[in-house]
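The structure appears below as structure tokens.
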Amino acid sequence: MDTTLINILCLILLVLGILGTFLPVLPGLVLSICGLLIYKFGTDADLPMIYIWAFGILTAISVVLSYVIPAKTNRKYGGTRWGSIGSIIGTIVGIFIPIPLGFLIGMFAGVFIGELLHDSKDMNKALQSTKGAFIGFIYGTGFSLVVGVAMFLVVVLDMLDII
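For the working numbering, count along the sequence shown from 1 and bump the result up by 905.
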């Protein structure tokens, strides 16, 4: 296969991976790491293996953090298991609602509704739990986004023979 086509495929995967860090219908950093691996082993790239290992480890950390951070921040702000379950259901429902950022709105609505189902008299607790879910989403997404952009930059800089 032509090196130019492989490079284009890698860049497409890396960009889709960056988009996937905040769009749940795309597998995020998994796409980015695939683009990086195809670039390294599918071309005659001189990219050092340390980048492969480092980004592989950061991708694994990101996967773990995407589950741990929202749960920890949800609990820190007084959330319960009901809010966590509501978050999952809301995210899934939100993906299928044809509005911009439906998954995100669904997630927050799910946390809020889940907490109200748990304790309908404590709206403040439901709001605090939703705040915790938002903060967790921002932290997890931010970390993944930084890793995805770093992978993209490493590949582009290597293509341009800057690194």
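Even for Gly, the Cβ is constructed at its ideal location relative to N, Cα and C.
Starting from Phe960, follow the alpha helix (DSSP H) in both directions and report where the run begins and ends.
From DSSP, the alpha helix (DSSP H) with Phe960 extends over 954-981.
With 16 as the cutoff for other CB atoms within 10 Å, does Asn979 come out buried or exposed?
So Asn979 counts as buried.
Output needed for Ile1040: all residues of its chain with C-beta closer than 6 Å, excluding positions within five of it in sequence on either side, in chain order.
Thr978
Taking the straight line between their C-alpha atoms, what separation do you get for Thr985 and Phe960?
So the two alpha carbons sit approximately 33 Å from each other.
Within 8 Å, do at least three Cβ pairs link the region 987-1001 to the region 950-970?
no
How many whole angstroms separate the CB atoms of Leu914 and Ser937, which I take to be in contact at a CB cut-off of 8 Å?
About 13 Å; that fails the 8 Å criterion.
Does the Cβ-Cβ distance between Val1051 and Tyr956 come in under 7 Å?
Contact: no.
For Thr948 and Ile911, what's the separation of their Cα atoms in angstroms?
When rounded, the distance between both Cα atoms is 7 Å.
Assuming the contact rule is C-beta atoms closer than 8 Å, Gly925 and Leu931 should be a hit. Round their C-beta distance to whole Å, please.
Indeed they touch by this definition, with Cβ atoms about 3 Å apart.
I'd like to know whether the C-beta atoms of Ile990 and Gly999 end up nearer to each other than 7 Å.
no
Grouping DSSP H, G and I as helix and E and B as strand, with all else coil, what is Ala1031?
helix
Pull up the distance between the alpha-carbon of Phe1048 and that of Leu1062, whole angstroms please.
21 Å
Is Gly1045 closer than 7 Å to Ile962 when the C-beta atoms are compared?
no
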